[in-house]
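J.:
2 protein chains.
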Amino acid sequence: MKVEILKENLKNGLNIVEKIVGKNLSLPILDNVLINTEDSFLSLSSTDLETAIKLWILTKIIKKGKVVVPAKFLSNFVSLLPNEKIILEEKKQGVYVECKNFKTQIQGFNPEEFPLLPEFKDFEFLEIDNEMLCQGLSQIVDIASPSQSRPEISGVYFVFSKNLIKIVATDSFRLAEKSITLESPVKKDVSFILPQKPAREIINILGGKGGKVKIYFSPNQTMFELPMKEAQHPQVQIISRLIEGEYPNYEEIIPKKFKTHIIVKRDEFLSQVKTASLFSGKINEIKVNVSEKEVQVSAQDPDIGESQSNIPAKIEGEPVEVSFNHKFLIDGLQNIKSSEVMFDLSGREGPCVLKPVGDASYIYVVMPIKAT
Amino acid sequence: MKVEILKENLKNGLNIVEKIVGKNLSLPILDNVLINTEDSFLSLSSTDLETAIKLWILTKIIKKGKVVVPAKFLSNFVSLLPNEKIILEEKKQGVYVECKNFKTQIQGFNPEEFPLLPEFKDFEFLEIDNEMLCQGLSQIVDIASPSQSRPEISGVYFVFSKNLIKIVATDSFRLAEKSITLESPVKKDVSFILPQKPAREIINILGGKGGKVKIYFSPNQTMFELPMKEAQHPQVQIISRLIEGEYPNYEEIIPKKFKTHIIVKRDEFLSQVKTASLFSGKINEIKVNVSEKEVQVSAQDPDIGESQSNIPAKIEGEPVEVSFNHKFLIDGLQNIKSSEVMFDLSGREGPCVLKPVGDASYIYVVMPIKAT
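Residue numbers (my numbering), protein chains in the order written: chain A, 12 to 383; chain B, 12 to 383.
(1) Quick one, which of 260(A), 136(A), 264(A), 250(A) has its alpha-carbon nearest residue 185(A)'s?
(2) For residue 138(A), which residues of its own chain have a beta-carbon under 6 Å away from its beta-carbon, when the five flanking residues on both sides are left out?
(3) Closer than 8 Å, Cβ to any Cβ of chain B: which residues of the region 131-161 of chain A, in chain order?
(4) What does the alpha-carbon distance come out to for the pair residue 117(A) and residue 100(A)?
(5) By Cβ distance, which residues of its chain are closer than 8 Å to residue 187(B), with the 5 residues on each side in sequence left out?
(6) Residues of the region 28-55 of chain A with a CB closer than 7 Å to any CB of chain B: list them in chain order, please.
(7) Using DSSP bridges, identify the partner residues of residue 63(B).
(8) Under a CB-based cut-off of 8 Å, is residue 314(A) close to chain B?
(9) Alpha carbon to alpha carbon, how far is residue 285(B) from residue 298(A)?
(10) Residues of the region 112-126 of chain A in Cβ contact with chain B at a cutoff of 8 Å, in chain order, please.
(11) Where residue 205(A) and residue 86(A) are concerned, what is the direct C-alpha to C-alpha distance, given to the nearest angstrom?
(12) Going straight from the alpha carbon of residue 261(A) to that of residue 64(B), what length do you get?
(13) Please give me, in chain order, every unbroken run of the alpha helix (DSSP H) with length at least 4 that falls completely inside the region 139-194 of chain A.
(14) Report the neighbours of residue 233(A) on chain B: residues whose CB is nearer than 9 Å to its CB, in chain order.
(15) Taking Cβ positions, are residue 245(B) and residue 357(B) nearer each other than 8 Å?
(16) Is DSSP giving residue 200(B) helix, strand or coil here?
(17) What residues match up with residue 258(A) in a beta bridge as DSSP calls it?
(18) At what residues does the beta strand (DSSP E) containing residue 312(A) begin and finish?
(19) Can you list the residues of chain A that residue 319(B) reaches, using a CB-CB cut of under 8 Å?
(20) Residue range of the beta strand (DSSP E) that residue 284(A) falls in?
(21) Which one of 61(A), 300(A), 158(A) has the shortest CA to CA distance from residue 323(A)?
(22) Put residue 11(A) into one of helix, strand or coil per three-state DSSP.
(23) Is the CB of residue 343(B) under 8 Å away from at least one CB in chain A?
(24) Assuming residue 68(B) and residue 24(B) are in contact, meaning their beta carbons sit under 8 Å apart, how far apart are those beta carbons, in whole angstroms?
(25) With residue 177(B) and residue 89(B) assumed to form a contact (beta carbons below 8 Å), what rounded beta-carbon distance in angstroms separates them?
(26) Chain A partners of residue 356(B), CB-CB under 7 Å?
(27) Per the DSSP calculation, residue 316(B) is bridged to which residue(s)?
(28) Return the residue from the list 208(B), 50(B), 318(B), 272(B) that minimises the CA-CA distance to residue 288(B).
(29) Check residue 334(A) in the structure and name its three-state DSSP category.
(30) Apart from the five residues just before and just after residue 254(A), which ones in its own chain have a Cβ nearer than 7 Å to its Cβ?
(31) CB-CB under 6 Å to residue 44(A), same chain, minus the five flanking residues each way: which ones, in chain order?
(32) Within 10 angstroms of the Cβ of residue 66(A), are there 16 or more other Cβ atoms? Answer buried if so, exposed if not.
(33) In chain order, what residues of the same chain have a beta carbon less than 8 Å from the beta carbon of residue 196(A), not counting five sequence neighbours either side?
(34) Below 7 Å on C-beta distance, what does residue 24(A) contact in chain B?
(35) Which residue's Cα is closest to the Cα of residue 104(B): 94(B), 123(B), 113(B), 96(B)?
(36) Can you tell me whether residue 121(B) is buried or exposed, with buried defined as 16 or more other CB within 10 angstroms of its CB?
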């Protein structure tokens, strides 16, 4: 292999594929990037055996071939080079790098030992707006729980039905659902559970890059692919295994009727919950007290002190006092971007719902702390 | 105590005094801030028994008094409050805080248990430009070594002589000296060793605030005081104990004659040393090879690979190859801000000196790795 590539393009590509590379002591080959020539492109691939990332950079190919070298090392090294053309050349089971007045040999591995990535040629796919996908995923992904006993809720649930994708996550204390409209309806209803790590990488890697994402899937794997837009945004594939198992019938959990209905300013409510959280003690408990005229947020801990604040609100229904884990309320409020938030309560112990005012696509269900 | 204070002013003050507050399990009173009324000012004080910080904020005093409350907790809490007037009131051995629609009680400690801070009234002092002090200290402070066996080199050495302050630090592998001219000469030559932590706090707290710093000292303590400039920059005092012992006669270590004299571009040389450092292996060794025409930077490690680069230079004297710990060269080059750097070498094993071109106030001495 011998190629000529711009430093910036190689650096951008390495910054993406190195994201899933860690210190893998038992399988050191996984700490590497596979660099391969494919037609007029240089492909970079990395995998941790659960998630894989592959991308293509338009490059001047002088001689075909492939090399496998430490991904983070190469990335650190390339980022220190001057902004010039780089020559990459296969040499002594490694890569020789020449750039302006730098001459460097980096030791690598046998490319035949690098795991094969799954291919999705001729598979069916769906298309979705990239920014809507990434923004929706970011409102959901942190809710999933790394549960050993219930692996099915450790991922993000994707449900495709007619012209709608629903993305869902829960940790059994709260649940978030985001709906995104598709431009054309799916041929057949389908669903899968994506692990949390690749869901986060989709946001990190594809977010802010515009365009449309193609989602491919087989019974146990999926691929999110963003086509090339320009040289700085190469074609990227994020491939992941799927989580086996049946996702819980989550729609049953979302309450349909409420006893108390509130609308408050989101920023002010969030800052009051955060302030009360400082006084919430070891069980993270804060109280939300709804009277006829206003909402009061309070917390107390004998060692720390007590705090109380109130916020004007539009209130309908019964007065009630409900206790929450402040973290769960803060997460829900932070996932909502509208200036006003609807907060629906079902008595002291029933599930509550947070929703952005003027946006029916997002719903956040949270269970109160049970009164003792 | 009862005072009325703007949220921003209280927050700024707490952000400063909380810097030296940690989790002190054996003496929990040290995790607190002492809030006291003094004339028209509210004073905030914190101490870890080695360093103390005190500052004064212009405040509407309604009733005199003092309280002691957890510093980081109060700082976190105040930063969440709306940008409005805050009422602070002594209540139930703690402080009651009212701000817009927030009502809060924070538990505190008995103010009589808070350690007394040393006072420097009627002491002699020197005056020095604040920015020159902070900038000079930042070129020195990280070189000091937290040595248990030689506590005297664990701090920063200040020498006041005639109209010059010299600030010095060493870890026995390298040494840095910065000279700052005083506007008026000192009456009597004097020197002291300031611990590294308060030296860092001087940079953090006083840096960027302009003005002139007054330096007070007694045989075992010192105080750096920056007067109030405006409400946002209150008068601040940083008080520290001094390190006992005799600082080594460091001027002997600075070589006066060299065999090889180089001038190179600082950024390019730094980036070449950083690149080579990736290949330097466990002992951090990189080689600098000076021929008649150019300087070559190289490193190799059989497991990683090898790197070599060259940089044009003005060279006088003997060709030589010297090995360095890359960290020590990088630190020195990063402390130098000029576009060109002088690099003077004394053979394979003698001390080398880095200096900014066109600035005689800074000198960085570094020992090579001994040839084996």
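Don't be surprised by glycine CBs; every beta carbon is placed ideally from N, CA and C.
T.: On the basis of the supplied data:
(1) As a first step, residue 185(A) must be located in the first sequence, where it is residue number 174. Ranking 260(A), 136(A), 264(A), 250(A) by Cα distance to residue 185(A) puts 264(A) first.
(2) For the purposes of this step, residue 138(A) is identified with residue 127 of the first sequence, where counting begins at 1. So the qualifying residues of the chain are 223, 225.
(3) none
(4) Position 106 of the first sequence, counting from 1, holds the residue named residue 117(A). Position 89 of the first sequence, counting from 1, holds the residue named residue 100(A). Straight-line Cα distance between these residues: approximately 10 Å.
(5) Counting from 1 along the second sequence, the entry for residue 187(B) is found at position 176. For residue 187(B), where only same-chain residues beyond five positions count, the Cβ hits under 8 Å are 150, 151, 154, 179, 180, 181, 343, 346, 373, 374, 375, 376.
(6) For the region 28-55 of chain A, the set of residues with a beta-carbon nearer than 7 Å to any beta-carbon of chain B is empty.
(7) Along the second sequence, read from residue 1 onward, the residue named residue 63(B) stands at position 52. Bridge partners of residue 63(B): 58(B), 250(B).
(8) Numbered from 1 along the first sequence, position 303 holds the residue referred to as residue 314(A). Residue 314(A) counts as touching chain B.
(9) As a first step, residue 285(B) is located in the second sequence; it is residue number 274 there, counting from the start. As a first step, residue 298(A) is located in the first sequence; it is residue number 287 there, counting from the start. Taking the straight line joining both Cα atoms gives about 54 Å.
(10) 112, 113, 114, 115, 116, 117, 118
(11) Here residue 205(A) is taken as the residue at index 194 of the first sequence, counted from 1. Here residue 86(A) is taken as the residue at index 75 of the first sequence, counted from 1. So the two alpha carbons sit approximately 28 Å from each other.
(12) Counted from its first residue, the first sequence places residue 261(A) at position 250. Counted from its first residue, the second sequence places residue 64(B) at position 53. Using only the alpha carbons, I get a separation of about 55 Å.
(13) 141-149
(14) Counting from 1 along the first sequence, the entry for residue 233(A) is found at position 222. Those within 9 Å of residue 233(A) in chain B number zero; the least Cβ separation is about 36 Å.
(15) One-based indexing of the second sequence puts residue 245(B) at position 234. One-based indexing of the second sequence puts residue 357(B) at position 346. The Cβ atoms of residue 245(B) and residue 357(B) lie no closer than 8 Å to each other.
(16) Along the second sequence, read from residue 1 onward, the residue named residue 200(B) stands at position 189. In this structure, residue 200(B) counts as coil in the three-state DSSP scheme.
(17) As a first step, residue 258(A) must be located in the first sequence, where it is residue number 247. Residue 258(A) pairs with nothing; no bridge assigned.
(18) Mapped onto the first sequence, residue 312(A) falls at position 301. Unbroken beta strand (DSSP E) run through residue 312(A): 305-312.
(19) Stepping through the second sequence from its first residue, residue 319(B) is reached at position 308. Here the neighbours are 113, 114, 115.
(20) One-based indexing of the first sequence puts residue 284(A) at position 273. From DSSP, residue 284(A) is part of no beta strand (DSSP E) but of the alpha helix (DSSP H) over 277-288.
(21) As a working mapping, residue 323(A) is identified with position 312 in the first sequence. Of the listed residues, the one whose Cα sits closest to residue 323(A) is 300(A).
(22) Because residue 11(A) is not part of the residues shown, which for chain A are 12 to 383, the question remains open.
(23) For the purposes of this step, residue 343(B) is identified with residue 332 of the second sequence, where counting begins at 1. No, because no Cβ of chain A sits closer than 8 Å to the Cβ of residue 343(B).
(24) Walking along the second sequence from the start, residue 68(B) turns up at place 57. Walking along the second sequence from the start, residue 24(B) turns up at place 13. Indeed they touch by this definition, with Cβ atoms about 5 Å apart.
(25) To locate residue 177(B), count along the second sequence from 1; it is residue 166. To locate residue 89(B), count along the second sequence from 1; it is residue 78. Actually they do not touch by this definition, with Cβ atoms about 41 Å apart.
(26) In the second sequence, the residue the question calls residue 356(B) occupies position 345. Near residue 356(B) there are no residues of chain A at all, since even the closest Cβ is about 21 Å away, more than 7 Å.
(27) On the second sequence, residue 316(B) is found 305 positions in, with the first residue counted as 1. The partner list for residue 316(B) (beta bridge, DSSP) reads 117(A), 312(B).
(28) Residue mapping note: residue 288(B) aligns to position 277 of the second sequence, counting from 1. Ranking 208(B), 50(B), 318(B), 272(B) by Cα distance to residue 288(B) puts 318(B) first.
(29) Within the first sequence, numbered from 1, the residue matching residue 334(A) stands at position 323. Reduced to three states, the DSSP call for residue 334(A) is strand.
(30) Here residue 254(A) refers to the residue found at position 243 of the first sequence. 162, 163, 165, 166, 204, 206.
(31) Against the first sequence, residue 44(A) aligns to sequence position 33. Excluding positions up to five away in sequence, the list reads 28, 55, 57, 82.
(32) Counted from its first residue, the first sequence places residue 66(A) at position 55. Answer is buried; the Cβ neighbour count reaches 16.
(33) The sequence position of residue 196(A) within the first sequence is 185, counting from 1. Counting only Cβ-Cβ distances below 8 Å, and skipping sequence neighbours, we find 173, 174.
(34) Here residue 24(A) refers to the residue found at position 13 when the first sequence is read from its first residue. Going along chain B, no residue has its Cβ under 7 Å from residue 24(A), so there is no contact; the nearest lies around 19 Å.
(35) In the second sequence, counting from the first residue as 1, residue 104(B) sits at position 93. For residue 104(B), the nearest C-alpha among the options comes from 123(B).
(36) Looking up residue 121(B) in the second sequence gives position 110. It counts as exposed.
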